[in-house]
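Enquirer: In this text, residue positions in the sequence shown follow the working numbering: the first is 51, and each later residue adds one.
Cβ atoms here follow ideal geometry from the backbone N, Cα and C, with glycine treated the same way.
As the structure is a computational prediction, the values presented were derived from the model and not from experiment.
Quick one: this structure, given as structure tokens, is what I'll be asking you about.
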Amino acid sequence: MTATYTFDVFASLDGFGAHSGDWGGYWGKQGPELLERRARLYDEPARMVFGATTYQGFVQAIATSKAHDEVLDGWVARMHNLPTTVVSRTLKGRLAWPNTTIASGDAVEIVARLKEESDVPLRSHGSLALNRALLAAGLVDRVQVTIFPVINGKTGEDPIFANAEDFDLELLEARTLDGNTQELSYRPTLHS
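In structure tokens form, the structure reads like this:
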């Protein structure tokens with residue numbers, strides 16, 4: 051049986067995955083429903099898959115956070131403790147997270163193998179370049195986008211789907227969290 055792969059990402063309405071402004075984490079729009087939903091998602095058995103840049107960003111954010119920072123929200127702690135594969139040709143040595151391994155080589159081949167071998171679903175949060183390559187290769191079963199009610203015209207960074215292939219999307223799930231944040235899950239199909 052092939053494991054499913056979910057590309058999970060946070061976005062502004064205009065498609066940015068991050069910002070350089072003073073919005074704060076979650077663009078300052080997190081609420082109890084969002085945090086509860088994230089905790090439930092990360093209670094499920096899964097294997098995380100990250101690119102090196104995203105992995106290192108999470109490691110640094112967790113290491114420098116203080117009690118009650120949004121970085122330490124319950125779902126992040128759960129994600130931190132899930133088995134993790136970091137796809138990287140550059141990382142070497144001991145990794146900061148428990149139960150984490152480095153897979154060096156072609157990301158498409160690595161994830162295709164993980165999908166065949168894993169007995170739990172695969173999930174990636176962020177890792178934009180990695181996930182654009184996996185989308186193009188047809189390895190992403192679900193794109194889960196949490197859209198925060200902001201437009202980052204001036205401060206937006208990391209356009210999520212910049213230079214990605216074209217895809218048709220089948221809506222699988224939609225929910226509104228805290229009255230204004232949208233979580234949308236799609237099945238992507240390469241547009242021909």
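Whole angstroms is fine: what's the gap from Lys243's alpha carbon to Leu63's?
Expert: No answer is possible for residue 243: it lies beyond the span of the chain, which begins at 51 and ends at 242.
Enquirer: Report the partner residues of Tyr55 according to the DSSP bridge assignment.
Expert: Leu172, per the DSSP bridge assignment.
Enquirer: By a C-beta neighbour count over all protein chains shown, 10 Å radius and 16 as the cutoff for buried, is Ile201 buried or exposed?
Expert: That one is exposed.
Enquirer: Tell me Ser62's beta-bridge partners as DSSP assigns them.
Expert: Paired residue(s): Phe198.
Enquirer: By DSSP, does Phe211 sit in helix, in strand, or in coil?
Expert: Coil, per DSSP.
Enquirer: Ignore the nearest five residues each way along the sequence and tell me which others in Asp208's own chain have a CB closer than 7 angstroms to its CB.
Expert: Closer than 7 angstroms at the Cβ level, and outside the excluded window around Asp208, lie Phe66, Gly67, Ala68 and Leu178.
Enquirer: Just to confirm, are Asp156 and Thr56 a CB contact at a threshold of 8 angstroms?
Expert: Cβ atoms of Asp156 and Thr56: not closer than 8 angstroms.
Enquirer: Could you pull out every residue in the same chain whose Cβ sits closer than 7 angstroms to the Cβ of Gly206, ignoring the five residues on either side in sequence?
Expert: Once the five neighbours on either side are set aside, the close Cβ partners of Gly206 are Ser62, Asp64, Phe66 and His69.
Enquirer: Give a yes or no on whether the C-beta atoms belonging to Ile152 and Ser138 are separated by under 8 angstroms.
Expert: Yes, the Cβ-Cβ distance between Ile152 and Ser138 is below 8 angstroms.
Enquirer: What distance in whole Å lies between the Cβ atoms of Gly124 and Ala89, which are believed to be in contact at a cut-off of 8 angstroms?
Expert: Yes, they are in contact, since the Cβ atoms of Ala89 and Gly124 sit about 5 angstroms apart, within 8 angstroms.
Enquirer: Taking the C-alpha atoms as reference points, what is the distance between Met129 and Ala224?
Expert: Between Met129 and Ala224, the C-alpha separation is close to 22 angstroms.
Enquirer: For Val126, which three-state DSSP category applies?
Expert: The answer is helix: DSSP assigns Val126 an H, G or I state.
Enquirer: Taking the CB atoms as reference points, tell me whether Phe198 and Phe108 lie closer together than 8 angstroms.
Expert: Taking 8 angstroms as the Cβ cut-off, Phe198 and Phe108 do not qualify as a contacting pair.
Enquirer: Determine whether the beta carbon atoms of Leu141 and Ala102 lie at a separation below 8 angstroms.
Expert: The answer is yes: Cβ separation under 8 angstroms.
Enquirer: Where do the N-terminal and C-terminal ends of the beta strand (DSSP E) with Ala153 fall, by residue?
Expert: Thr150 to Ala153 is the extent of the beta strand (DSSP E) around Ala153.
Enquirer: Using a Cβ-Cβ cutoff of less than 7 angstroms, which residues in the same chain neighbour Lys165 once the five nearest sequence positions on both sides are dropped?
Expert: Excluding residues within five positions, the ones whose Cβ falls inside 7 angstroms are Thr52, Ala53, Tyr55, Leu172 and Leu189.
Enquirer: Under the three-state reduction of DSSP, which class applies to Gly67: helix, strand or coil?
Expert: In the structure shown, Gly67 sits in a strand (DSSP, three-state: E or B).
Enquirer: Using only the alpha-carbon positions, how far apart do Val161 and Thr135 sit?
Expert: Taking the straight line from one Cα to the other gives about 9 angstroms.
Enquirer: Can you say whether His175 is buried or exposed, counting buried as having 16 or more other CB atoms within 10 angstroms of its CB?
Expert: Answer is buried; the Cβ neighbour count reaches 16.
Enquirer: Are the segment 224–233 and the segment 67–86 touching, with three or more C-beta to C-beta distances below 8 angstroms?
Expert: Yes, since at least three Cβ pairs between the segment 224–233 and the segment 67–86 fall closer than 8 angstroms, the two stretches touch.
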